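Numbering (this note's numbering), first residue to last: 627 to 779.
A short worksheet on the structure shown next.
Here's what the structure looks like:
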């Protein structure tokens with residue numbers, strides 16, 4: 627991961643926080659090299675607070691932490707997408723997001739199922755994953771299996 631912390635004079639890059647399950651954007655914070663390293667080491671999202679002028683771990687007072695799932699870097703290497711599992715509301719106002727929106731799933735467990743299937747297909751390990759082996763055989767086999775399972779319901 628090669629992040630350009632020198633693009634801005636303050637050494638900070640924007641860090642967009644996204645819920646791993648719902649895919650909703652929860653907040654925007656800023657990170658420097660030290661806060662990114664602490665986030666990676668502790669698996670708790672830590673920002674550089676411009677207001678407090680120090681490192682700030684989200685939830686250090688409220689307990690509403692952001693548990694790290696993944697970190698992605700944009701095409702210009704100057705913005706982070708931090709994928710998290712939030713514990714409690716994200717905004718200091720008590721709202722789920724900093725845009726006063728509810729952080730709800732649109733399709734419940736189907737979103738999680740879709741993500742699981744996608745990750746197994748992308749991994750392509752047909753020896754260890756039945757899902758991957760099924761997709762490797764083509765869409766007709768996938769459709770046949772879905773039909774078989776639907777009848778069993």
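Idealized CB from N, CA, C, for every residue including glycine.
Since this is a predicted model, take the numbers as computed values, not measurements.
Residue i versus residue j - alpha carbon distance
i	j	result
residue 747	residue 648	20 Å
residue 752	residue 758	5 Å
residue 680	residue 635	17 Å
residue 701	residue 730	29 Å
residue 725	residue 764	42 Å
residue 755	residue 627	29 Å
residue 714	residue 695	16 Å
residue 707	residue 720	22 Å
residue 691	residue 709	13 Å
residue 668	residue 778	44 Å
residue 640	residue 653	10 Å
residue 727	residue 775	36 Å
Residues bridged to residue i [DSSP beta-bridge criterion]
i	result
residue 655	641
residue 629	Looking at the DSSP assignment, residue 629 forms no beta bridge with any residue, so it has no partner.
residue 680	675
residue 712	692
residue 707	642, 698
residue 662	Answer is none; residue 662 lacks a bridge partner.
residue 670	693
Three-state class that DSSP yields for residue i in the structure shown
i	result
residue 742	helix
residue 766	helix
residue 696	strand
residue 736	helix
residue 754	coil
residue 728	coil
Under 8 Å: do the stretch 668-677 and the stretch 740-755 share three or more Cβ pairs, one atom per stretch? no
Would you check if there are 3 or more beta carbon pairs closer than 8 Å linking the stretch 757-773 to the stretch 681-701? no
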